[in-house]
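Student: I'd like to ask some things about the structure below.
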Amino acid sequence: MKTLLYEIYYQTKLYMRAKETIFWNFAFPVFMLIIFGFVFRQNKPISLKVGVVNLDQSIGSREFVKGLYRVPNFKLSEGDSAALFSRLKNRKLDYVLLFPKGFTKEIGQNRARFLIYKSDPSPIVQQIAMSIFKDVVYRANRVVTKAAEPISFKEIEIKSREKRMRYVDYFLPGLIAMIVISTGLFTIGIAITGYREKQVLRRLKVTPLPAGVFFAGQVVSRCFLVLFQALLLMFFGLVLFHTHFAGNWPVFLLVLSLGILSFVSLGFAISSFSRKTETAVMVSNAVFFPMLFLSGIFFPLSSMPKIFVTFSKIIPATYLADALRKIMVYGEGFSHVELEMGVLALWLAGSLIFSIKFFRWE
Amino acid sequence: MKNTKLNTTFGLTSDLNTRLYRCIFFIKRANEIKKTMSIVQVSHFSKYYGNLKAVDDLSFEIEEREIFGMLGPNGAGKTTTVETLEGLRKPDAGEIFIDGHSVLTNPDAIKPIIGVQLQANAFYPKMKVEEAINLFRRYYPKSLPAEQILELVSLIEKRRAQVEDLSGGQQQRLAFGLALVNDPKILFLDEPTTGLDPQARRKTWELIQKFRETGKTILLTTHYMEEAQQLCDRVLIIDHGKKLALDSPQSLITKEAGDRHIEFTLTEQVPQEKFRTLPYISKMWRNGNRFIFQTDVPDKLVVALIRYADEQNIEIRDLHIQRPTLEDVFISYTGRTLRE
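Protein chains in written order, with the numbering used here: chain A, 23 to 384; chain B, 3 to 342.
Spelled out as structure tokens, the structure:
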């Protein structure tokens, strides 16, 4: 056990010392997050879809709504409350404004209040929308009276059925999946082949170090590193793009570990049939890039030709990225990622059997 | 069986017979005791790679506290043999015991008591010297302090250097140090000085001798004659996987290469047969235009040779008389030099 801890410690240390792996596994994903996050941010003028339910239907509220029509950012639609609220819940609308009965009368009593229903808008949208609402109300108040503030509003949050998903939200779990894939393929597949080529494995074989401890050391050290990288990315996502983590941590860690195990075994499988480091590099890249682009890490698969979609259904990367996305963005629990975990487990078993059968120490 | 045979053959009395039987018994016992004394026993070991016989029915024993050398050209089967002893390869035939444990059935008992330096120095890239030693120390149930190892292989100042930044000689010394971390009973060194400059080679020789003084056994392979001659108590000469000779360097030389060698070079091609008429030659080798005569009476042969050359109009250059070396022993067995 002590030997295992030592082995893990040294494997982690060695890993951190290789500058190129630091770049590819730590710096590069963060760069990608930042670049993609900013590039695909909506930078056209925000248009807000606002529904209006006017229960008052007298002069005051009607004038106010007319004022709202003049706001260039608003796309207004009036209608009955049931229809509008259901559209709000389905994210077809950003806000629903409700003017209660007696609104006009209450303006005279300086206590008119309308309600703003929202459902989980992104922070940027919320910020813009609020400043517009405040501005509209302020101007309306100036028109009515110079002294008090007869009109005010109150925000009410409504839970939507559909979670808002921005590109960054979509991309972040994919990026974590990418780290898992590259860790397995590059830091195991290529590194182990390198150790074999440099005779490190043979040298270890003449010591009493049990093979199991060696492999466990490799796997556990990689788990730590991937977890650290994932947290780093989530931190940057939170700070720069306000991505949030909706899921529950045990399920997230479970899926992440399963993903690491399957890709680490895939790495071992690759190193089992690669005699030379160059071969391992070639094979790893040949596996890595299709996985990267055909697993929906960068773009949703729906926009791809059918043949690619079929292919994506076979590769484990798709399932890892999907499972992480379900957990991180939608907050889904264990029961919703069973399929993904099953496929990952199948891949794990397959590459493990292959590795055990064909792994060589020299 | 033996009893009756002895009885019928020699017609011995039963009393004498018992004594003889006892005698045989004691000789057998003595042999068994001798067997437990030798730390490495290799009997009828063979290893094939496809059709190639890398090692062919090789038997030898290594005694405790000796430096045992395996000498042979590249591809002779040295590395295959050493790596089988280390447990890296499985023998196709024969039995190998190390300190009483079979390499086939009990490799785990052997690993803690052997120290290994492979032909290529194998380290984790990016690891520092002291870390490499400490990591390896962890693999063994008991180990020497890192400080002691560093001091022994003179790498104290380099303890924080990365392995990749060490010179060839320093890497070699580190590999040697790593082979020592478990204070092994027996040390396997596969070509420990190949590729080193003369100074680094001497340094390694010193290390090996220093280590032997602590009462340990060493098996080393080499294709350097001087190395085997300088270091080894006994030398096993192998070629094409077969044992050619096994003895101390000195007795190999006197037995196989004779007393003195006369060496010379000719300026033109002359067939070997031309010298057949000369007296005093006990053996003759030729390598291109270079000739070696083995003789017990070098002075008389030199006179005869010069006279003969003069008569035949053959020009002789670079003539000298030499004490034979292991190289000559090797040539006498194979007709080839080691570097070929």
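Cβ atoms here follow ideal geometry from the backbone N, Cα and C, with glycine treated the same way.
Less than 8 Å between C-beta atoms, sequence neighbours within five positions excluded: which residues of the same chain meet that for B/Ile35?
Tutor: Per-residue confidence for B/Ile35 stands at a pLDDT of 49, beneath the threshold of 50, marking its modelled position as unreliable; no derived number is given.
Student: Using the beta-carbon count (16 or more within 10 Å), is B/Gln420 buried or exposed?
Tutor: Residue 420 of chain B cannot be examined here, being either before or after the span of chain B that is shown, 3 to 342.
Student: Beta-carbon of B/Ala1 versus every beta-carbon of chain A: anything under 9 Å?
Tutor: With chain B covering 3 to 342 only, the question about residue 1 of chain B has no answer from this structure.
Student: For the candidate residues A/Tyr341, A/Ala162, A/Lys127, A/Asn163, whose alpha-carbon lies nearest to that of A/Leu314?
Tutor: Comparing Cα-Cα distances from A/Leu314 to each of A/Tyr341, A/Ala162, A/Lys127, A/Asn163, the minimum goes to A/Tyr341.
Student: Starting from the Cα of B/Gly102, find the closest Cα among B/Lys144, B/Val44, B/Leu60 and give me that residue.
Tutor: Closest by alpha carbon: B/Val44.
Student: Would you check if the segment 217–237 of chain A and the segment 265–272 of chain A touch, i.e. whether three or more CB-CB distances between them fall below 8 Å?
Tutor: Short answer: they don't touch.
Student: Taking only three categories from DSSP, how would you classify A/Arg135?
Tutor: If DSSP states are grouped into helix, strand and coil, A/Arg135 belongs with the strands.
Student: Leaving out the 5 sequence neighbours to the left and right, which residues in its chain are closer than 6 Å to B/Lys1 when beta-carbon positions are compared?
Tutor: Residue 1 of chain B cannot be examined here, being either before or after the span of chain B that is shown, 3 to 342.
Student: Roughly how many angstroms separate the alpha carbons of A/Asp78 and A/Ile138, rounded to a whole number?
Tutor: C-alpha separation (whole angstroms): 15 Å.
Student: Below 9 Å between beta carbons: does that hold for A/Val72 and A/Tyr31?
Tutor: No, Cβ-Cβ distance for A/Val72 and A/Tyr31 is not below 9 Å.
Student: Let me make sure I understand the geometry here. Which of A/Gly89, A/Glu171, A/Asn132, A/Thr209 has the alpha-carbon closest to that of A/Leu288?
Tutor: Of the candidates A/Gly89, A/Glu171, A/Asn132, A/Thr209, the one whose C-alpha sits nearest the C-alpha of A/Leu288 is A/Thr209.
Student: Closer than 7 Å, Cβ to any Cβ of chain B: which residues of the segment 222–235 of chain A, in chain order?
Tutor: Listed by position, the residues of the segment 222–235 of chain A near chain B (Cβ gap below 7 Å) are Val222, Arg224, Arg225, Lys227, Val228, Thr229, Pro230, Leu231.
Student: With a cut-off of 8 Å on the beta carbons, I'd call B/Ile220 and B/Leu189 a contact; round off their distance for me.
Tutor: Rounded, the Cβ-Cβ distance is 5 Å, consistent with contact.
Student: Helix, strand or coil for B/Phe277, going by three-state DSSP, please let me know.
Tutor: If DSSP states are grouped into helix, strand and coil, B/Phe277 belongs with the helices.
Student: When you compare only the Cα positions, how much space is there between B/Gly79 and B/Val57?
Tutor: Computed Cα separation, rounded: 6 Å.
Student: I'd like to confirm the pairing. Which residues does DSSP put opposite B/Glu258 in its beta bridges?
Tutor: B/Glu258 pairs with nothing; no bridge assigned.
Student: Enumerated in chain order, which unbroken segments of the beta strand (DSSP E) with a length of 3 residues or greater are wholly contained in the segment 146–207 of chain B?
Tutor: Complete beta strand (DSSP E) runs here, min 3: 188–192.
Student: To the nearest angstrom, report how far apart B/Leu182 and B/Ile151 are at their CA atoms.
Tutor: B/Leu182 and B/Ile151: Cα-Cα distance of roughly 7 Å.
Student: In chain A, which residues lie with their C-beta within 7 Å of the C-beta of B/Gly89?
Tutor: In chain order: Val228.
Student: Taking all protein chains shown into account, decide if B/Thr107 is buried (16 or more other Cβ within 10 angstroms of its Cβ) or exposed.
Tutor: Per the 10 Å Cβ criterion, exposed.
Student: What did DSSP end up calling A/Val358 once you bin it into helix, strand or coil?
Tutor: Sequence inspection shows His at residue 358 of chain A; the Val mentioned does not correspond to that position. Helix, per DSSP.
Student: What residue range is occupied by the uninterrupted alpha helix (DSSP H) comprising A/Lys35?
Tutor: Segment 24–39, the alpha helix (DSSP H) holding A/Lys35.
Student: What's the gap between the Cα of A/Lys127 and the Cα of A/Asp102?
Tutor: Spanning the two alpha carbons is a distance of roughly 22 Å.
Student: Does A/Ala238 have its Cβ less than 9 Å from a Cβ in chain B?
Tutor: Not an interface residue.
Student: Against chain A, does B/Val44 count as a neighbour if the rule is that its beta carbon must be under 9 Å from one of theirs?
Tutor: For B/Val44, the answer is no, since every Cβ of chain A falls outside 9 Å of its Cβ.
Student: Counting only beta-carbon atoms, is A/Arg382 nearer than 9 Å to chain B?
Tutor: By this cut-off, A/Arg382 is not an interface position.
Student: Check whether the segment 323–330 of chain B touches the segment 222–238 of chain B, taking contact to mean three or more Cβ pairs, one atom from each stretch, closer than 8 Å.
Tutor: Yes, the segment 323–330 of chain B is in contact with the segment 222–238 of chain B.
Student: Per DSSP, which one or two residues make a beta bridge with A/Asn76?
Tutor: Its beta-bridge partners are A/Phe121.
Student: For A/Ser103, which of helix, strand or coil comes out of DSSP?
Tutor: It is helical.
Student: When the Cα atoms are used, what is the spatial distance from A/Arg297 to A/Ile198?
Tutor: Rounded to the nearest angstrom, the two C-alpha atoms are 30 Å apart.
Student: Enumerated in chain order, which unbroken segments of the alpha helix (DSSP H) with a length of 4 residues or greater are wholly contained in the segment 35–113 of chain B?
Tutor: The segment 35–113 of chain B contains these whole alpha helix (DSSP H) runs: 80–88, 109–112.
Student: Closest Cβ-Cβ distance between A/Thr25 and chain B: below 9 Å?
Tutor: It does: the Cβ of A/Thr25 has a partner Cβ on chain B nearer than 9 Å.
Student: Please look up how many angstroms separate the CB atoms of A/Thr25 and A/Leu231, rounded, as I've assumed it's under 8 Å.
Tutor: 7 Å between Cβ atoms; contact.
Student: If the criterion is Cβ atoms closer than 9 Å, does the pair B/Arg162 and B/Glu132 meet it?
Tutor: Yes.
Student: Excluding the 5 residues flanking B/Leu291 on each side, which residues of the same chain have their C-beta closer than 6 Å to its C-beta?
Tutor: Sequence check: residue 291 of chain B is Asn here, not Leu. Around B/Asn291: Thr267, Leu268.
Student: Could you list which residues in chain B have their beta carbon closer than 7 Å to that of A/Arg244, in chain order?
Tutor: Near A/Arg244 there are no residues of chain B at all, since even the closest Cβ is about 15 Å away, more than 7 Å.
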